[in-house]
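S.K.: Chains as they are written, first to last, in our numbering: chain A, 1 to 416; chain B, 1001 to 1098; chain C, 2001 to 2997; chain D, 3001 to 3173. Even glycine gets a Cβ: it sits at the ideal position worked out from N, Cα and C. Keep in mind it's a predicted model, so treat the numbers as computed, not measured.
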Ligand SMILES: Cc1cc2nc3c(=O)[nH]c(=O)nc-3n(C[C@H](O)[C@H](O)[C@H](O)COP(=O)(O)OP(=O)(O)OC[C@H]3O[C@@H](n4cnc5c(N)ncnc54)[C@H](O)[C@@H]3O)c2cc1C
Ligand SMILES: NC(=O)c1ccc[n+]([C@@H]2O[C@H](COP(=O)([O-])OP(=O)(O)OC[C@H]3O[C@@H](n4cnc5c(N)ncnc54)[C@H](O)[C@@H]3O)[C@@H](O)[C@H]2O)c1
Ligand SMILES: Cc1cc2nc3c(=O)[nH]c(=O)nc-3n(C[C@H](O)[C@H](O)[C@H](O)COP(=O)(O)O)c2cc1C
Ligand SMILES: [Zn+2]
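1. Taking the DSSP output, what are the residues bridged to residue 2219 of chain C?
2. Cβ of residue 2205 of chain C less than 7 Å from any chain D Cβ?
3. Since I believe residue 2560 of chain C is in contact with residue 2550 of chain C (beta carbons under 8 Å), could you give me their beta-carbon distance rounded to a whole number of angstroms?
4. Does the stretch 2122-2136 of chain C come within contact of the stretch 104-113 of chain A, defined as at least 3 CB pairs closer than 8 Å?
5. Look up residue 2982 of chain C in the DSSP assignment and give the residues it is bridged to.
6. Are the C-beta atoms of residue 133 of chain A and some chain C residue less than 7 Å apart?
7. Identify the continuous alpha helix (DSSP H) that holds residue 150 of chain A and give its terminal residues.
8. Can residue 122 of chain A and residue 2921 of chain C be called in contact, C-beta distance under 7 Å?
9. Below 8 Å on the Cβ atoms is my contact criterion, and I expect residue 2954 of chain C with residue 2905 of chain C to pass it. Report the Cβ-Cβ distance as a whole number of Å.
10. Which parts of the stretch 3094-3170 of chain D are runs of the beta strand (DSSP E), unbroken and 3 residues or longer, counting only runs that do not cross its ends?
11. How is residue 2028 of chain C classed by DSSP in three states: helix, strand or coil?
12. Once the 5 residues before and after residue 2848 of chain C are set aside, which same chain residues still bring their CB inside 6 Å of it?
13. Could you tell me how far apart the beta carbons of residue 1019 of chain B and residue 303 of chain A are, in whole angstroms, since I believe they sit closer than 8 Å?
14. Does chain C have any CB closer than 7 Å to the CB of residue 1041 of chain B?
15. Please go through the stretch 2287-2329 of chain C and give each complete alpha helix (DSSP H) segment of 4 or more residues, from N-terminal end onward.
16. Within this structure, are the beta carbons of residue 2030 of chain C and residue 2014 of chain C separated by less than 7 Å?
17. Under 9 Å, CB to CB, which of the residues in the stretch 1041-1074 of chain B have a partner in chain D?
18. Beta carbon of residue 1006 of chain B: closer than 6 Å to some heavy atom of ligand 4?
19. Could you name the residues of the same chain whose beta carbon sits closer than 8 Å to that of residue 248 of chain A, not counting the 5 residues immediately before and after it, in chain order?
20. Expressed to the nearest angstrom, what Euclidean distance is found between the alpha-carbon atoms of residue 2377 of chain C and residue 2082 of chain C?
21. Is there at least one Cβ from chain B nearer than 7 Å to residue 2247 of chain C's Cβ?
22. Would residue 2464 of chain C and residue 2177 of chain C be called neighbours here (beta carbons separated by less than 7 Å)?
23. Beta strand (DSSP E) containing residue 2709 of chain C: first to last residue?
24. Name the two residues that bound the continuous alpha helix (DSSP H) containing residue 2577 of chain C.
25. At which residues does the alpha helix (DSSP H) containing residue 2561 of chain C begin and terminate?
26. Any chance the CB of residue 2168 of chain C is under 6 Å from a heavy atom of ligand 4?
27. Quick one: residues in its chain with C-beta nearer than 7 Å to the C-beta of residue 2532 of chain C, no 5 flanking neighbours on either side, listed in chain order?
28. Is the stretch 75-93 of chain A close to the stretch 137-149 of chain A, with three or more CB pairs under 8 Å?
29. With 7 Å as the threshold, decide whether the Cβ of residue 8 of chain A is near any Cβ in chain B.
30. Is the separation between the beta-carbon of residue 2604 of chain C and that of residue 2318 of chain C shorter than 7 Å?
31. So, for residue 324 of chain A: in the same chain, excluding its five sequence neighbours on each side, which residues have a beta-carbon less than 7 Å away from its beta-carbon?
32. Taking the Cβ atom as the reference point for each residue, do residue 2363 of chain C and residue 2300 of chain C lie within a distance shorter than 7 Å?
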């Protein structure tokens, strides 16, 4: 891998940018791999990268039906935080946070991880109880978190409406200062480039159409570009999780729903941090290019279309104007949707499956972007060792039988 | 914004309805006879079909009736709306848990 | 000085001058101008700077496609960022500012970026600023500051917006010749028609051409047609209205701009209105966009679309230059040359084709034509001064030497046309590449629609008209109307329309070495960037979009996208259809947040629900607690009291004598029918059949996962009739939960459910004097213990009003809950307050209610539970019938739910006896343990108990019931910790003697 | 021009099977007029009876008659599987008059209220400005009746007040 740096930029500028190498190759699929990762989203690419980097696996392919990063990785509102409620979830997301903190350097690709802080607003006494509970838990888990007052919020975010006369007045918030945003596409590309440099084959435009098994073990996959043999198959396809599970005659407690987002036209900076509100249903940040990136709600119905209902967008903008009356004259540039994999307890499934050599990582729903590096890291471990890492052991599929759910609806009620 | 034909009131905007998920999931007759795995299947496992999906909708702002809809989850095109299928009239006899 | 204004012609009103300011300069135009046409009339050439390289940019287009003229309009609270000057109607007093460039657009320091243009190649940011991570926020600050165009206002929006739901048989998007013809055909057939055009006038391209119809200017036909349409009752014609979204089930959204075109003092009513239209049939007549040509330095101010140059001449009487070069690969631009010549400009034509019908005609009018030539490069930093022209080999992989220089001050370019397939694509329709037309045309659509006119590659006016009529007829007949014959006007001179593709003009050097050839002006995406992206492996068109920002701007690539795809196709050795387009998404052009939110802001954001007694509470000065949509009185302060003082007083008064509270927000459901018992047995956990008429029971219902979902009192009013209460927040959910089971799972059960939440108000009177109070105001039933024991219900007449009287208690005191018609409730409240004076009756709010119930260890679902608490955890095993199944029962025996060490409800006392714990505080065994510190529970409810004289709290603690007496530590979010003791959750009157009294 | 006012009326919710003639006849006898059996219609003579669903009706009557009617209905339908609830305290009726009413309502209601589709005798339950309403066309002018739950009525009135004052800028160019 040729290194990216200010120096290489300069050098290449002199050679008219003609010597930049491919960020990742576009190889033909080989007949056989040790591990095939299905799904070239951030999670799949990260899994391949850590398999190669941490576990020395070399013969790995990532198989993507479209273009890498074209799923939810490329359509999310990029919020990264680790202030979850339950210890199991917190530790997993915190692992991810720690990886984020060195990710640009590790990948030699600037993923623009910007720790500008995330505010989760409280609008009722019950919200404030939940915030106290979550912040307290975070601190005991070694995760930075604080409870801030409406006055502190107003000081940090001058354009926010903290009027006590508001329909849902802001009573306070939790703040995680290490949280923030990252450039979503760059995460996919950075992992792809770094994985490719370690020999991973990234195969785009290759849809998996079947999972081959023999004697209860996986033997490979059928794809639109032919069959590929593999000793192990890791599936990370977000909204398509049950479609892939069906191929192996397995059932998952996952339902796919459209989740939408929108951006405004690019403007001069008005918002330097990230604001989320469960009660009024909106979350917002401003990208480095200047657009306001706004997350909307999930549509109630099952859907595989990368689009959702218009009224959901209207509702979100009502909420945004409620929180930020000064944004009323700003204009929506574009709205879109992604297919999110909703799990009953709002927590992921990162698990071995009843079929030997088959692993699933799904259920991240509305909030898995932040987990990208951590998810890849533990999933790589799970695949390489054929057993979960301590961090993802609780996220086993069996919890739905035992009842040991990790209910993160409180921390994850709104998409983020 | 879907246009949904309530079998009782006629075509109305999606905003008048609430969604109830997959239709035709029969509650097991004797839950206590089921293994934990079978019970979990009933509780959590859904078809989540990519394509035609038989689902429940409630005309929440209208007649408050639940009814069934067959809708394509990719194109969102609604094929049919009809009254709750009773076990006898069910168009799909694959309800798993029983 | 309007130096570029023609003396005659155009659709401007020369009798209505409009003064405006542009970056502080005072200028003048006319009503009928756009800001862009007025700027051009005044000879303003630089209107912006590009995003990255800060190159000076001028106006390129004349409508929605404009990438450069992005303005800040207006001042103060009503300023608007990022409006396109080409779509801003001029009015007297308009204030416009450019949005890029410091100190100004004419001299911009950051233009230095242009010198280092090659460093700012595609992917620049991803390759640098990585070390050290700790400095990224510093770099980022600079990056952020230099990005973005306009500014959001600093104050709240003074304007109002509204929504309008509409229904029609035929919705027509676009009111050019095709759209108007469609409206005529559908309208005359009698269909309900809505036709919307984003411009201030209907007519589309007909407003901008010199063409004639039936021997008269085309605008005459437009006028007649518009007049006829407005006269039809069944037609709604909406100018200034952009169809910006096309959603499922033929639901389309239109943004109508109602006031922005008026001087401030003439504005009234809503600023914008969003039409939410459900259409049976749709006709898309959006027209087509002219494509720019791609050559070196093709972004100089003065380089414009040929059609825009014509539009400025014909529609706005503005000749954008005196010496013009027209550069084209097709015939349509010849009309521009003729327009320019007629307007008195010197014109030369550079045509990449060796010959064409257009050329022959032009030469006949004396316009010089350089056939088989291309513009390779241009001269003039702040405005075009000359073009360099070379002979075109037809092979883009060769270099071309510029041999001819032509001086000019305007360059009109035309690279052919691309149908506006935006709405059709949003609707889920396919696009198909048409080799003959060299553009994507709309293909099949999953929705009830059709495209007409140049929107599907019909270039000639007569075709557009015919196509429109056909589409209108088809749409009308498909929505059930009998079409009538409508004749199209006769087009007097039809222009030829042939073209030869020319996607990229090679320069004298290879594309990566030559001066920038821009594809996306706004984002400074050049040919070299697209090629670099492809070389680096970003081969998919979607990757190119995201890596180079091609089509990412406020114009969404209306100009550049197709050229970009062609350049990409070339670099990959693929065809254009193989590369494909990126996804078209709403909004077609940007739409104001305010308009999208409509009236649902401020006081209408969400309903506030109030009880029938609200005014009594307001009069008593109670602050309100927000509980879902409800406003409930929180406490009733006396002068000088804060929350705590008031609550202490209210608690003591209730325990010692008499309190009264409004419990009307509780959900109430009437359950009736022969199968009512059976139905409730299946839902609730206790034994319903055993309840006798007149008795009440506390009941809980579980989700199928076994977790507590809601609770309330159930009263048996008759053999087949029950009355249920639910929590305030759970009312709607419980009713729909019951209906769900009844209708979908057990339709054989004969039960009717009716919500009585609003019908009945609930007034709780609690305290040792509550019975006396009721007796005092006159009660027709026996109130003593024997006749009316605890947990029973009676129909009664109280103070002359019919009530349903419950002997239940959420405070642990002797208490009654009076349920009565909400119409009577205020009178009852006043009666009770008056009669209660002698007992010191004290109204109390939600806070006191919480304290009183916590003293008794009663949980509140939603505060003390979080969806992961089972009835066993909450100490309610006694409520779980062993004799029957009920929803959720099976889940309780799953291994994790049967664990002994699950979190269980306990009482928590701070060891020091004085600290009121924070609600939400975590409980740990060892406060000094290493992180992650194991947590064994948390505090949900915590209060100072005035009756007990010390704080109390309810907590959930792992294995808590067997931890009584043990010490734990409450860890609060501020870092403090307090030792606590685990005790029984019932702090007060553990034998419950008072409520039974 | 649009006028609206709050009207004090009696409201009764009636449940029973439309297919059961004992119920239909019994109710008809007490009410003195037939129950509307077609979806989305209402009948008016002595009272106004709205169809709410296949087994549900709303009787609107003079405010002081509701309690009596409930008693009579209960007596007449005793022993049948029915539900009769007096909702006079829980519902608020508004009446709106004027040719602009359909457009006014269209601001926040997704029903197609074109006079040819929603004339006198037509009714529907739907959403209006974030509240659930029962809407009926009860007079030629036209006159509309809107019935809303009491706790939401303040919000709806606020909405109406705002809307009847504000008119948008001119539509024509
Ligand atoms: C609008 C929106 C906003 C969001 N906001 C946030 C946020 O702010 N913060 C946050 O943390 N999370 C957020 N999320 C969630 C987050 O985007 C996802 O959880 C996360 O990106 C999932 O990554 P992934 O790699 O698992 O899935 P994806 O990126 O979706 O990747 C899965 C890939 O699998 C491929 N695939 C599917 N089927 C097949 C097949 N048969 N064969 C081969 N390949 C296949 C798909 O093409 C896709 O590329 C948001 C999501 C959405 C939609
Ligand atoms: N000679 C050529 O090659 C050539 C090429 C293209 C067009 N033309 C000429 O242009 C005319 C095309 O007629 P037409 O009716 O197809 O198109 P048009 O461009 O005349 O009209 C389209 C109208 O739709 C409006 N519009 C576009 N999108 C909209 C939206 N989302 N919402 C609301 N309004 C929207 C536009 O502002 C415009 O007024 C004909 O006269 C034709 O001859 C000629
Ligand atoms: C964080 C973020 C910022 C975005 N900014 C822009 C933008 O500035 N301009 C734009 O056109 N789209 C922007 N998009 C939207 C994308 O163009 C695109 O709609 C989205 O990634 C979904 O892909 P699709 O619309 O191609 O299906 C942004 C998306 C995200 C996730
Ligand atoms: Zn209905």
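M.R.: Answer, in terms of the structure:
1. Walking along the third chain from the start, residue 2219 of chain C turns up at place 219. Beta-bridge partners assigned by DSSP to residue 2219 of chain C: none are found.
2. Reading the third chain from its first residue, position 205 is the one you call residue 2205 of chain C. Using beta-carbon distances, residue 2205 of chain C does not count as an interface residue toward chain D, since no partner is under 7 Å.
3. By one-based count along the third chain, residue 2550 of chain C stands at place 550. By one-based count along the third chain, residue 2560 of chain C stands at place 560. Between residue 2550 of chain C and residue 2560 of chain C a beta carbon distance of about 6 Å is seen, short of the 8 Å cut, so the two are scored as contacting.
4. Yes: at least three Cβ pairs fall under 8 Å.
5. Here residue 2982 of chain C refers to the residue found at position 982 when the third chain is read from its first residue. Secondary-structure assignment with DSSP links residue 2982 of chain C through a beta bridge to C/2908.
6. The sequence position of residue 133 of chain A within the first chain is 133, counting from 1. At least one chain C Cβ lies under 7 Å of residue 133 of chain A.
7. Against the first chain, residue 150 of chain A aligns to sequence position 150. Per DSSP, residue 150 of chain A belongs to the alpha helix (DSSP H) from 150-156.
8. Indexing the first chain from 1 puts residue 122 of chain A at position 122. Indexing the third chain from 1 puts residue 2921 of chain C at position 921. Their beta carbons are not under 7 Å apart, which means residue 122 of chain A does not touch residue 2921 of chain C by this criterion.
9. Within the third chain, numbered from 1, the residue matching residue 2954 of chain C stands at position 954. Within the third chain, numbered from 1, the residue matching residue 2905 of chain C stands at position 905. Yes, they are in contact, since the Cβ atoms of residue 2954 of chain C and residue 2905 of chain C sit about 7 Å apart, within 8 Å.
10. Segments of the beta strand (DSSP E) lying fully in the stretch 3094-3170 of chain D: 3123-3128, 3131-3139 and 3143-3149.
11. For the purposes of this step, residue 2028 of chain C is taken as residue 28 along the third chain, with counting starting at 1. When DSSP states are grouped into helix, strand and coil, residue 2028 of chain C belongs to the strand group.
12. Reading the third chain from its first residue, position 848 is the one you call residue 2848 of chain C. Hits under 6 Å: 2647, 2650 and 2651.
13. In the second chain, the residue the question calls residue 1019 of chain B occupies position 19. In the first chain, the residue the question calls residue 303 of chain A occupies position 303. The pair is not a contact, with the Cβ atoms about 10 Å apart (cut-off 8 Å).
14. Taking the first residue of the second chain as position 1, residue 1041 of chain B is located at position 41. Residue 1041 of chain B does not count as touching chain C.
15. The DSSP assignment places 2306-2314 as complete runs of the alpha helix (DSSP H) inside the stretch 2287-2329 of chain C, in order along the chain (cut-off: 4 residues).
16. Numbered from its first residue, the third chain carries residue 2030 of chain C at position 30. Numbered from its first residue, the third chain carries residue 2014 of chain C at position 14. Going by C-beta atoms, residue 2030 of chain C is nearer than 7 Å to residue 2014 of chain C.
17. Those residues of the stretch 1041-1074 of chain B that come within reach of chain D (Cβ to Cβ, closer than 9 Å) are 1059, 1060, 1061, 1062, 1063, 1064 and 1065.
18. Here residue 1006 of chain B corresponds to residue number 6 of the second chain, with the count starting at 1. Answer for residue 1006 of chain B: yes, Cβ within range of ligand 4.
19. Within the first chain, residue 248 of chain A is the residue found at index 248, counting from 1. So the qualifying residues of the chain are 211, 213, 218, 353, 355 and 358.
20. Against the third chain, residue 2377 of chain C aligns to sequence position 377. Against the third chain, residue 2082 of chain C aligns to sequence position 82. Cα to Cα, the separation comes out at about 30 Å.
21. Position 247 of the third chain, counted from the start, is the residue given in the question as residue 2247 of chain C. Chain B places a beta carbon closer than 7 Å to that of residue 2247 of chain C, counting this residue as a contact.
22. On the third chain, position 464 is the one that residue 2464 of chain C refers to. On the third chain, position 177 is the one that residue 2177 of chain C refers to. Cβ atoms of residue 2464 of chain C and residue 2177 of chain C: closer than 7 Å.
23. Working through the third chain from its first residue, we reach residue 2709 of chain C at position 709. From DSSP, the beta strand (DSSP E) with residue 2709 of chain C extends over 2708-2718.
24. Along the third chain, one-based indexing puts residue 2577 of chain C at 577. Element bounds for residue 2577 of chain C: 2576-2579.
25. Within the third chain, residue 2561 of chain C is the residue found at index 561, counting from 1. Unbroken alpha helix (DSSP H) run through residue 2561 of chain C: 2561-2572.
26. Numbered from its first residue, the third chain carries residue 2168 of chain C at position 168. No, Cβ of residue 2168 of chain C sits at least 6 Å from all heavy atoms of ligand 4.
27. By one-based count along the third chain, residue 2532 of chain C stands at place 532. Cβ neighbours of residue 2532 of chain C within its own chain (closer than 7 Å, five residues either side excluded): 2121 and 2122.
28. Taking 8 Å as the limit for Cβ pairs, the verdict is that the stretch 137-149 of chain A does touch the stretch 75-93 of chain A.
29. In the first chain, the residue the question calls residue 8 of chain A occupies position 8. Cβ-Cβ to chain B under 7 Å: no for residue 8 of chain A.
30. Locating residue 2604 of chain C in the third chain gives position 604, where the first residue counts as 1. Locating residue 2318 of chain C in the third chain gives position 318, where the first residue counts as 1. Their beta carbons are not under 7 Å apart, which means residue 2604 of chain C does not touch residue 2318 of chain C by this criterion.
31. Locating residue 324 of chain A in the first chain gives position 324, counting from the first residue. Excluding its 5 nearest sequence neighbours in each direction, residue 324 of chain A has C-beta neighbours in its own chain below 7 Å: 159, 160 and 161, listed in chain order.
32. Taking the third chain and counting its residues from 1, the one referred to as residue 2363 of chain C is at position 363. Taking the third chain and counting its residues from 1, the one referred to as residue 2300 of chain C is at position 300. The answer is no: Cβ separation not under 7 Å.
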